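Notes follow the structure.
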Amino acid sequence: MSYPCKKCGNCCRNLNLSKLYSDLDRGDGVCKYLLGNLCSIYEVRPIKCRIDEMYKRYFEQTLTKEQFYIMNKKICKILTKKS
Numbered sequence: 001m002s003y004p005c006k007k008c009g010n011c012c013r014n015l016n017l018s019k020l021y022s023d024l025d026r027g028d029g030v031c032k033y034l035l036g037n038l039c040s041i042y043e044v045r046p047i048k049c050r051i052d053e054m055y056k057r058y059f060e061q062t063l064t065k066e067q068f069y070i071m072n073k074k075i076c077k078i079l080t081k082k083s
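At position 78 of the sequence shown the residue is numbered 78 (our numbering), and the sequence of numbers has no breaks.
Okay, structure coming up:
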């Protein structure tokens with residue numbers, strides 16, 4: 001099972017909402033690697049941009065994968081409404 005990303009790019013257009021992503025922000029809240037709705041460095045993107053790997057590395061001991069996905073889906077829904 002992997003996270004069901006819709007590839008809308010909304011998470012990559014709101015980086016200014018989290019300090020964690022400030023190094024990727026091109027200055028206007030948009031990721032400097034976003035082209036259209038897709039990541040131009042997808043295969044080598046940072047771990048913080050990989051939902052399943054972030055879960056495994058940092059959250060597996062505290063949340064179930066389902067809980068982690070639910071959290072991410074809620075944020076996705078908020079960002080989609082914001083756009």
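Ideal Cβ placement from N, Cα and C applies to all residues, glycine included. Since the structure is predicted, the reported quantities are computational estimates derived from the model, not experimental observations.
- Under the 10 Å beta carbon count, Cys11 is surrounded by 16 or more other beta carbons and is classified as buried.
- Per the Cβ contact rule, the stretch 1 to 10 is in contact with the stretch 35 to 46 (3 or more Cβ pairs under 8 Å).
- As DSSP reads the structure, Cys31 sits in a beta bridge with Asp25.
- In terms of Cβ geometry, Cys31 and Leu20 do not form a close pair [threshold 7 Å].
- Between Arg26 and Ile51, the alpha-carbon positions lie close to 21 Å from each other.
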